[in-house]
Amino acid sequence: MVLFIIFSLIAVVAAIGVVVSRKPIYSALFLLLNFATLAALYIMLEAQFLAAVQIIVYAGAIVVLILFVIMLIGGGELHDIRDQSLPLAKRFTWPRIMGLVLFVLLVGTLAYSLITGALNPVQGDATAFGQGSIQAIGSVLYTDYLLPFELMSVLLLVGMIGAVVLARPPD
Amino acid sequence: MNPDIPILSIILFLPLLGALVLLLLPSEKLQKWWTLGVTVATFLASCLLIVWWQEGYAGMQFIERYDWVALFNIQYLLGVDGLSVWLVLLTTFMTMLVIVFSWEGIAKNLKGYLFLILLLETGMIGVFVALDLVLFYIFWELSLVPMYFLIGIWGGPKRVYAAVKFFIFTMVASALMLVGILMLYRQGGTFDLLELQKMSLSPNLQVWLFLAFGLAFAVKVPLFPFHTWLPDAHVQAPTGGSVILAGILLKMGTYGFLRFCLTMFPDATRQFVPWIAALAVIGIIYGGLVALTQRDVKSLVAYSSVAHLGFVVLGLFALNSQGIAGASLQMVNHGLSTGALFLLVGMLYNRRHTRNLDEFGGLWKVMPVFGFLFLIVAFSSAGLPGLNGFVGEFNILLGAFRSNPVFAVIGTVGIVVGAWYLLRAIREMLQGPLTKPENMALSDLNKREVLTLVPIIILIVVIGLFPNLFLSKINPSADAVAAELENRPAVTLMIDK
Amino acid sequence: MTFPTINLLAIAPQIILVVAACITLLLDLVVQNKRSLGWFSLGSVLTALAALIFLRPATPEFQPGAVGSNMALADGLSWIAGAAILIAVGLAILVSIDHVADFTRRIGAYYALLLLAAVGMLAMVTASDFMTIFLGLEIFSLALYILVGYYHSDLRSGEAALKYFLLGAFASGFFLYGIALIYGATGQTNLAAITMSIAPLSSNLPFAPLLPIGMGLLLVGFGFKVALVPFHMWTPDVYQGAPTTVTAFMSVAVKTAAFTALIRVLASVTTFSRPWLLVLAVMAALTMTWGNLAALRQTSVKRMLAYSSIAHAGYILTGVAAGTERGAQAALYYLVVYTFMTFGAFGVVLAAQRRDQNDLTTSQIAGLASRQPFLAVLMSIFMFALIGIPPLAGFFGKLYVFGAAVDAGLTWLAVIGVINSGIAAFYYLRITVSMYMDAPEAAAEGSGSIAARNTSALVLTALVVAAAGTVILGLWQQPLVNGIAQAVVALLP
Amino acid sequence: MVPTEYYLILAAVLFSIGALGVVFRRNVLIIFMCVEMMLNAVNLTFVALAHHFMDLNGQIFVLVAVAVAAAEVAVGLAILMKVIRGKDTTNVQDINLLKG
Amino acid sequence: MSDYAWLMLLFPAIGLVVISFFGTRLSKGIVGWLASLMVALSFLVAVAVFVQMLGLPVEARGQRVPLWSWMTAGDFHADAALLIDQLSIIMALVVTGVGFLIHVYSIGYMHDDPRFPRFFAYMNLFILMMLVLVLADNYLMLYVGWEGVGLSSYLLIGFWYEKPAAANAGMKAFLVNRVGDLGLLLAIMIIWTSLGTLQFNEVFQRAETLWAVGGTFAVATTLLMLLGATGKSAQIPLFVWLPDAMEGPTPVSALIHAATMVTAGVYLIARSGVLYALAPVSASLAAVIGAATALFAATIALTQVDLKRILAYSTISQLGFMFMAVGVGAYSAGIFHLVTHAFFKALLFLGAGSVMHALDGELDIRKMGNLRAKMPTTNWTFLIGAAALAGIPLFSGFFSKDEILYYDYLYQPLLWLVGTITAFLTAVYAFRAYFMPFWGTERVKKRWDHAHESPRIMTIPLIILAVGAVVVGLIGIPFASWIEPWLEPVFATAHEIKHAEEAAGSDMTKTVLLAIAAIIALSGAFVAYRAFLVSTEWPKRVRASLGGFGTLVENKYRVDELYNAAVVAPLLGLARWFAGPMDQRTIDGAVNGLAGLTGSLGERVRRLQVGQVGIYALSMLFGAVAILIWLAVQ
């Protein structure tokens with residue numbers, strides 16, 4: 001429980017950090033922190049494989065890619081220039097106030113729904129769950145989830161084509 | 001008497017087929033003759049309805065019934081009775097004459113013009129013969145499109161405004177009718193008018209449905225205060241379009257009231273009688289007075305249509321045999337006389353390129369035939385006894401008087417106003433000194449133009465003198481409708497002794 | 001450990017298209033004549049269509065049932081939606097053959113992405129599990145993000161892609177969260193299993209209150225894809241910025257795929273008390289009103305049509321919101337019809353716009369009827385079909401959806417709908433006014449590029465197909481309506 | 001043992017913060033990161049529920065989500081690069097050629 | 001007789017059709033004589049019918065002649081049918097007889113007119129319609145004739161349509177008549193609604209049994225009918241059109257606006273005698289209106305200087321007498337005066353036409369004089385006409401007017417008093433109209449020099465009419481009247497109903513009244529002689545002493561102006577207000593405003609689409625939150 005509180009606090013702080021950081025690069029680093037915290041939580045939830053995937057794919061690939069882009073297009077120009085030069089009051093334009101209000105409402109609604117109903121303990125098949133091991137996941141992934149798996153490959157193919165087509169400068 | 005051929009379908013689709021063939025024809029001359037041939041053939045085919053007519057029968061005749069979309073119970077269901085058969089004939093007849101009129105004077109894209117008129121003919125006939133609500137609605141909306149283009153492409157200077165206004169105004173108004181149709185379907189599970197008429201709906205629902213249908217019809221008629229599209233459309237439309245618009249298209253509204261509101265929602269109809277009749281008489285007086293101030297002859301005739309159609313609606317909502325039969329006949333009468341008025345104005349416009357009364361005066365001197373024909377038509381329109389207009393108006397007023405004398409009295413006042421604006425038009429156009437040099441050189445009507453008008457004149461006189469030729473077919477159906485509506489036994493004798 | 005037997009026949013069209021997409025990419029490297037890539041892709045689409053037809057519900061080969069552990073389902077619904085999608089992609093390829101070179105050199109990838117987008121859509125409409133639905137959605141979304149940004153010389157194309165992408169990813173988040181919460185509510189992601197689990201008694205659910213919340217979040221995702229107010233904001237920008245060929249494709253196919261999946265999802269929770277139907281009804285009303293109002297004063301035909309497509313999403317949603325069998329039938333019918341008429345409308349934009357432009361202003365089509373009368377006639381057919389003038393198919397679409405709404409007691413929605421049709425008539429008519437009643441703009445005439453240009457025969461072919469569909473589906477709709485009826489009957493438990 | 005609801009609420013908060021970031025920030029990259037954060041929050045929900053149900057389905061879903069996120073990043077950053085090359089800005093307020 | 005009576009209608013119809021379609025191709029002579037011939041044939045048929053009727057027993061004299069089934073709607077039915085009875089045949093004889101003479105006269109009078117054929121077509125149309133009116137078997141058909149004569153009147157008044165005054169007068173005539181027609185139409189509706197038939201005899205039978213004396217239906221019907229009658233017969237309040245109608249060719253004035261059409265109102269009331277008997281109020285009102293009109297018009301006639309206008313007001317005044325007759329139930333007397341009036345007034349008008357013909361259209365009697373030297377025939381015939389009008393004993397007008405005054409006396413002596421005063425005035429203006437043109441000195445020499453007697457074709461009808469004006473009175477000489485018993489069967493029912501209230505007169509009273517009338521007429525003629533020939537200063541003094549009232553009378557009591565200000569101008573104002581502020585701005589403005597509102601709403605919605613991702617996302621978030629909150633609280 002203590003761990004959960006610690007990690008969740010870190011996660012929330014990191015998330016807020018992402019949102020409020022002045023420079024994208026700080027945001028990216030906060031994001032990294034957030035991802036890592038989540039990986040820890042995954043482990044607490046017996047999802048070791050996913051925790052590994054989380055670190056490898058998100059931290060290792062995605063954040064790095066974002067950092068790469070930040071570097072590529074030049075760090076200096078990347079912060080919200082207008083935002084920073086304005087006094088605090090003016091930064092809170094009506095869309096932002098609205099956004100905050102909506103944020104509060106969203107959190108409230110979700111929390112309200114989650115708290116009002118009691119989550120019935122439904123005991124699944126703990127053996128098949130196999131504590132989120134690679135073996136357990138692999139065995140279902142290639143049998144029951146074969147079709148989604150194949151579709152994932154198509155998805156990645158599309159992503160690949162897209163990256164190639166778009167990123168290559170026009171010839 | 002009725003040979004086993006789908007005569008209604010033939011009448012309905014002959015113009016459409018003709019229109020499609022027309023697209024393939026190369027020369028303008030060929031196109032004109034072909035179109036004329038098609039319309040004449042359609043007219044002759046529609047005459048067969050009279051030949052094969054089963055006299056004295058109130059119900060639908062020449063019924064054709066096929067499933068169309070079985071899942072939603074949409075049928076291809078056609079039929080005519082005494083209330084619609086003359087409107088079908090009016091349609092085929094006037095369309096034919098419009099083609100003759102349009103022989104010359106269509107400056108651009110004659111093929112498109114003829115195509116649209118034929119398409120319009122199918123649409124209009126369809127409205128009068130369809131007995132399935134969806135089918136009816138299809139033709140109802142379909143007839144908008146050709147008229148929209150006729151006004152928009154061949155119309156006057158403000159044609160785009162007028163065309164769009166016409167389209168949007170009538171379409172928005174009929175949109176709610178679609179909801180009404182769907183609500184009926186929800187109640188009855190069918191779009192079959194004959195079935196739906198037998199159904200008894202709750203009074204509350206009837207009120208809503210009446211409003212939904214009534215709005216569409218009121219705009220089409222047009223009933224005051226939904227009439228403002230009409231002057232614009234009429235004035236801007238090319239003559240052929242005006243003729244069809246006034247002669248036939250407006251009848252779709254009154255016919256709709258008769259065929260749908262009166263028969264399907266009798267309770268609501270009775271409830272709404274004072275309101276609709278009030279609007280009708282307001283329209284009569286209002287339309288007449290506004291017509292009185294118009295300088296543009298077409299605009300004058302347009303407002304006169306508001307007044308005349310007010311009479312028709314007044315007759316329908318008398319809810320008795322006289323009113324309904326009179327209104328049914330008056331629809332035809334108005335089609336003939338107003339159609340003829342528009343033709344005449346169009347002929348004048350073709351010569352003079354203006355319709356402003358200020359530009360005319362003393363034309364009778366240079367155009368005696370024109371003057372003569374205009375006179376007859378104007379008096380027909382003014383309801384002179386012996387001509388057709390009187391028969392309809394009298395029966396309407398008689399029926400209205402029987403159901404509510406107050407409205408009839410006001411309506412009768414409208415007759416005076418009706419004479420006023422028409423005489424004023426004659427006074428300013430035909431009479432008075434011939435001063436304008438442009439007018440002195442005007443040529444009288446040529447043979448083709450006279451030929452266009454003579455059939456109408458003949459009918460004007462024949463209906464006036466022998467209305468029973470027409471009423472005998474209308475009456476059984478009108479009586480049937482009236483009998484359904486009369487919640488009390490017909491009172492013919494009122495005794496105060 | 002046993003491998004599942006996958007009914008490959010049932011997903012044959014998808015397989016064909018994936019393979020074809022790969023081959024197209026490879027051919028791109030070796031073939032000089034890029035048009036042949038188009039023909040090849042078109043051939044593959046036709047093959048896929050043939051496969052689909054071969055597996056049509058009437059034949060014994062067609063087995064409605066699970067494909068690969070209930071991940072996908074080939075049934076009447078997926079058959080009809082699949083056919084519509086394949087027709088859309090086929091038409092899109094057909095109109096692209098002559099036009100793709102206007103805006104890109106990466107032609108092989110273009111066709112491959114079109115095909116893969118279609119695969120994603122097919123996957124979505126055959127999906128019977130949230131996982132496959134989500135994957136299908138993401139596949140075609142990704143492909144479309146790329147395709148939207150394909151107009152290399154137009155900054156607006158890239159901008160559109162960026163907006164579409166950012167908001168799309170945002171919406172995906174909601175969508176996925178919705179799935180998660182439904183999973184939380186039911187313990188299932190499979191639609192059939194969800195139906196089973198909520199069938200006995202809603203109190204049996206692990207976490208019943210989460211179901212409506214999950215459905216609500218799901219609706220956000222769907223609402224984004226089919227452009228429902230207030231999730232529609234991207235639509236005009238993206239439709240305008242995207243190459244017109246892509247706009248034509250995405251405006252119809254995405255709606256088909258997403259709406260079909262939505263219908264499936266809604267059908268799976270049919271036994272639950274369904275508060276979200278009212279949400280849908282309100283959204284439908286808002287959507288059509290907003291779309292029509294915003295379209296009124298547009299000067300870009302493409303943008304106007306984009307708003308029009310928003311409005312039509314509202315109409316389709318009206319059928320869905322009815323939550324009845326008739327409503328689903330109506331929505332499906334409308335989708336098929338919508339495919340033809342909206343594709344046709346964008347196709348005419350493509351044919352009428354200048355080769356060096358990716359947009360068409362209303363003034364540019366002034367006098368089109370005198371320059372290209374046939375094109376004007378086609379456009380008029382599409383416009384009147386979109387207005388809902390009978391006997392064109394658009395009218396029946398409206399008739400059925402509003403009928404379903406009335407049947408379901410949503411008369412107010414039908415009233416709003418028909419009033420909207422009236423408002424909409426105004427801007428559709430403006431197109432016909434421009435074409436037939438306005439004099440050609442001097443500048444447009446002077447540049448000569450419109451007047452001189454002949455419309456590509458391929459585009460015309462596609463337009464004629466679309467027009468034929470628009471007309472024929474109105475007059476002779478029995479086969480389609482019957483098919484839809486069967487599909488929907490099979491859908492509901 | 002931490003109740004599953006706690007995880008779910010944490011995920012909801014994270015998701016909301018992400019959503020707030022999307023509407024709050026004007027830097028395209030940061031918006032993009034916020035979207036990623038939202039997806040992660042959902043992943044957390046899935047994992048928590050999978051653990052609660054002892055059901056691998058949820059975990060597989062996370063795998064799918066990760067794949068989707070990866071593909072999206074690739075495509076998204078590519079689009080971003082393209083736009084930035086054209087407009088030389090990452091402020092979404094400046095990216096509004098299309099409007100109205 | 002019923003088997004050929006329809007020929008009466010056929011002949012003018014043939015004339016109408018032939019002349020309308022072929023008139024311009026035929027020579028003037030053929031057209032003129034063809035038209036006259038057709039009327040003559042009609043007259044002969046009428047005579048034949050009349051003669052045959054004389055030979056029939058009284059009960060068999062009234063016969064229906066069904067022509068065809070005209071109009072049916074539900075339980076409403078009206079036939080096209082003729083009713084040949086004692087009343088209608090008298091009317092038909094007058095119409096065709098006088099009509100024929102006027103046709104012949106017109107051949108000469110209209111000889112130089114370029115639209116000669118059209119004139120005769122209209123005239124035949126008029127004869128046809130007038131016959132329909134008088135021969136109709138039911139109210140609806142009567143209405144056809146009623147409006148039909150209105151049409152021909154309109155056409156003929158506006159025959160010289162180039163003259164704005166003529167065109168306006170035609171329009172005015174038709175419209176004012178339409179106002180009256182409205183009343184008749186409503187009356188017809190009440191009759192049918194209440195009695196279920198429009199056929200005369202059935203109506204009268206049923207009314208007698210179903211309607212109470214003085215009951216609402218009877219009173220309403222007859223009052224409305226009275227409105228119609230005042231319109232057609234130019235009585236107060238609807239008389240204003242008739243003076244203007246003098247813009248038409250003079251034969252038209254003679255035929256339509258003196259002899260026949262304007263008497264239709266009298267005919268209508270006489271025909272509907274039963275109904276009026278059931279509604280004493282209306283009948284009295286008719287009498288009062290008649291009396292008022294008679295006096296009123298006579299005063300105006302005294303002041304007019306336009307010869308035709310004098311005659312026009314005289315006609316109004318004489319029609320007032322007829323109303324006084326039918327109003328008090330003296331239908332035979334009314335019809336008798338109608339017949340005599342037809343002769344002498346037609347004669348006077350034709351005489352006036354002859355004068356005009358001689359003086360190039362001059363009508364101002366102050367510019368005439370001493371025409372008897374130039375136009376002997378016209379002089380003598382005009383004198384006879386004036387004498388008959390004035391009621392000089394032994395001329396026809398004397399007998400018929402006296403008959404009326406007698407019955408009025410019986411009914412209400414006040415009416416008699418008014419009638420007698422009017423009779424005096426009549427004599428004065430009649431002889432004023434005679435003396436000023438024909439006697440004295442030629443006031444405008446140049447005109448006088450050119451003056452000449454009219455051709456024979458015009459003078460012969462004058463002579464025949466003059467003879468008629470003298471002898472026709474013989475059918476109703478006091479104590480030995482032929483016409484009263486002849487018509488009695490027609491009015492029997494009406495008289496029966498009225499019988500109770502009728503005061504019986506004595507021969508003594510009648511004789512005294514006769515004497516008074518004779519004295520009045522002669523003194524009136526003498527006054528005219530003194531005032532307008534001998535001491536011409538005298539009328540001027542009288543005029544001066546009258547002051548403002550005199551001006552008012554000279555201006556015809558400013559009734560036209562009153563109507564313009566009270567009815568026409570407000571209506572036109574209302575029309576303009578409808579057309580402008582109401583129609584264009586309010587109603588159409590609302591329509592366009594709604595469209596504009598939708599458009600601007602669209603513009604606002606469009607503006608919300610700011611193109612920024614943040615706002616778009618905000619919108620989505622808003623939607624999501626809204627949905628979630630709603631679903632959460634469910």
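Residue numbers (our numbering), protein chains in the order written: chain A, 1 to 171; chain B, 1 to 497; chain C, 1 to 493; chain D, 1 to 100; chain E, 1 to 634. Don't be surprised by glycine CBs; every beta carbon is placed ideally from N, CA and C. Please read these numbers as outputs of a predicted model, since none were measured by experiment.
Name the DSSP beta bridge partners of residue i, please?
| i | result |
| --- | --- |
| B:Q296 | The amino acid at residue 296 of chain B is misidentified as Gln; the sequence shows Asp. B:D296 is bridged to B:N356. |
| E:L82 | E:V65, E:A136 |
Apart from the five residues just before and just after residue i, which ones in its own chain have a Cβ nearer than 6 Å to its Cβ?
| i | result |
| --- | --- |
| B:A218 | F226 |
By Cβ distance, which residues of its chain are closer than 8 Å to residue i, with the 5 residues on each side in sequence left out?
| i | result |
| --- | --- |
| B:R424 | L292 |
| A:E77 | Below a pLDDT of 50, predicted positions are generally treated as unreliable, and A:E77, at 49, falls in that range; the measurement from the model is reported next regardless. Excluding positions up to five away in sequence, the list is empty. |
| B:G361 | E428, M429, Q431, G432, P433, L434, T435, K436, N439 |
Just to confirm my understanding: we take residue i, look at its own chain, exclude 5 residues before and 5 after, and list those with CB closer than 7 Å. What are they?
| i | result |
| --- | --- |
| E:A35 | G15, I19, H103, F120, M123, N124 |
| B:Y148 | A163, F166, F167 |
| C:L135 | A123 |
| E:Y429 | A298, A301, L302, I310, S314 |
| E:V31 | I19, G23, F116, P117, F120 |
Roughly how far, in whole angstroms, is the beta-carbon of residue i from the beta-carbon of residue j, given that I think they are within contact range, below 8 Å?
| i | j | result |
| --- | --- | --- |
| E:A220 | E:I191 | Between E:I191 and E:A220 the Cβ distance is about 10 Å, and since that is not below 8 Å, they are no contact. |
| E:T420 | E:L410 | At roughly 14 Å, the Cβ-Cβ gap does not stay under 8 Å, so E:T420 and E:L410 are not in contact. |
Which bits of chain E does residue i rub up against, with CB to CB less than 7 Å?
| i | result |
| --- | --- |
| A:L95 | First, the residue type needs correcting, since residue 95 of chain A is Pro and not Leu in the sequence shown. G614, I615, L618, listed in chain order. |
Taking Cβ-Cβ distances shorter than 8 Å, what residues in chain E pair up with residue i?
| i | result |
| --- | --- |
| C:A171 | M620 |
Mind pulling the chain C residues with CB within less than 8 Å of residue i?
| i | result |
| --- | --- |
| D:M33 | Neighbours of D:M33 on chain C: none; closest Cβ ~11 Å, over 8 Å. |
Cβ closer than 8 Å: which chain A residues qualify as neighbours of residue i?
| i | result |
| --- | --- |
| E:V625 | L102, L105, L106, T109 |
For the stretch 169-241 of chain B, which segments carrying the alpha helix (DSSP H) assignment without a break, of at least 4 residues, lie completely within its bounds, in sequence order? Complete alpha helix (DSSP H) runs here, min 4: 193-198, 203-220, 229-236.
Note down, one range per segment and in chain order, each beta strand (DSSP E) of at least 3 residues found wholly within the stretch 16-99 of chain C. Within the stretch 16-99 of chain C, no complete beta strand (DSSP E) run reaches 3 residues.
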